[in-house]
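The sequence shown begins at 1 in full-length UniProt numbering and counts up by one. Report on the structure given below.
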Amino acid sequence: MSALDIEYFEHDGLRLAYRQDGEGDPILLIHGFASSSLVNWVSPGWFRTLTEAGYRVIAIDNRGHGLSAKPHDADEYTPTKMAADAAALLDHLGVEKAHVMGYSMGARISAFLALEHPERVHSAVFGGLGIGMVTGAGDWEPIGEALLAEDPTTITHPRGQMFRKFADQ
Numbered sequence: 001m002s003a004l005d006i007e008y009f010e011h012d013g014l015r016l017a018y019r020q021d022g023e024g025d026p027i028l029l030i031h032g033f034a035s036s037s038l039v040n041w042v043s044p045g046w047f048r049t050l051t052e053a054g055y056r057v058i059a060i061d062n063r064g065h066g067l068s069a070k071p072h073d074a075d076e077y078t079p080t081k082m083a084a085d086a087a088a089l090l091d092h093l094g095v096e097k098a099h100v101m102g103y104s105m106g107a108r109i110s111a112f113l114a115l116e117h118p119e120r121v122h123s124a125v126f127g128g129l130g131i132g133m134v135t136g137a138g139d140w141e142p143i144g145e146a147l148l149a150e151d152p153t154t155i156t157h158p159r160g161q162m163f164r165k166f167a168d169q
């Protein structure tokens with residue numbers, strides 16, 4: 001396998017994509033919002049750096065992202081469900097315990113993985129968190145509405161506009 005090869009597994013009724021490369025202690029990489037394993041981890045060189053350092057590098061495309069299934073129900077995108085996807089990937093690969101590194105939303109998912117499945121996490125690195133990790137991210141409804149809006153010019157909520165502009169890039 002190489003970092004560019006995509007593999008799939010099934011969890012919670014969804015077909016989820018992942019990639020892996022290298023040998024050694026496993027490290028699970030979890031990307032941020034509106035990204036993918038390719039964008040967050042392969043293209044910037046994290047896969048290469050970590051495999052050269054002797055790790056087995058595993059990266060999931062979170063549900064709703066990259067090459068994974070994209071359910072249309074907002075209830076399918078809780079941090080608990082996304083952390084369960086990560087744990088299921090470790091199960092699928094026969095990995096009992098892994099180092100975990102997450103960026104942005106992936107850091108939040110990584111934190112939930114560590115809290116809900118502590119026996120699976122050897123160590124954790126949380127990048128790009130922001131204060132929302134401590135205080136909560138706030139009201140997600142305007143963001144969801146903005147991402148689903150037929151016409152982006154009708155979006156009035158500032159945070160919704162920001163997320164929509166980012167997603168439309």
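Ideal Cβ placement from N, Cα and C applies to all residues, glycine included.
Reduced DSSP secondary structure (H/G/I, E/B, other) of residue i
i      : result
Arg19  : strand
Leu14  : strand
His72  : coil
His157 : coil
Leu113 : helix
Val95  : coil
Phe9   : strand
Pro118 : helix
Ala53  : coil
Ala83  : helix
Ala34  : coil
Ala3   : coil
Leu90  : helix
Arg63  : coil
Of the listed residues the options, nearest to residue i (C-alpha basis)
i      : options                        : result
Ala74  : Arg56, Leu147 and Ala167       : Leu147
Ala83  : His31, Gly130, Arg48 and Thr49 : His31
Tyr55  : Ser104, Ala3 and Pro158        : Ala3
Lys97  : Gly22, His11, Arg19 and Pro26  : Pro26
Glu92  : Asp5, Gln161, Ile58 and Ala114 : Correcting the residue identity first, residue 92 is His in this sequence and not Glu. Measuring from the Cα of His92, the nearest candidate turns out to be Ile58.
Gly144 : Ala87, Lys81, Phe33 and Asp85  : Phe33
His72  : Phe163, Pro142 and Gly64       : Gly64
Glu23  : Met1, Phe9, Gly106 and Glu141  : Met1
Leu90  : Trp140, Arg19 and Trp46        : Arg19
Leu29  : Gln161, His11 and Asp85        : Asp85
Identity of the residues DSSP links to residue i by a beta bridge
i      : result
Ala167 : Paired residue(s): none; Ala167 is not in a bridge.
Tyr103 : Gly127
Glu150 : The partner list for Glu150 (beta bridge, DSSP) is empty, contrary to what the question assumes.
Ile143 : Partner(s): none; Ile143 has no beta bridge.
Pro26  : Arg56
Outcome for residue i when other beta-carbon atoms lying within 10 angstroms are tallied against a minimum of 16
i      : result
Val121 : buried
Asp151 : exposed
Ala53  : exposed
Leu115 : exposed
His167 : The question names His, yet the displayed sequence has Ala at residue 167. Counting Cβ neighbours within 10 Å, Ala167 comes out exposed, since fewer than 16 surround it.
Ser43  : exposed
Gln169 : exposed
Gly106 : buried
Met101 : buried
Asp5   : exposed
Does the structure place the stretch 14-24 close enough to the stretch 61-68 that three or more beta carbon pairs sit under 8 Å? They touch, by the three-pair rule.
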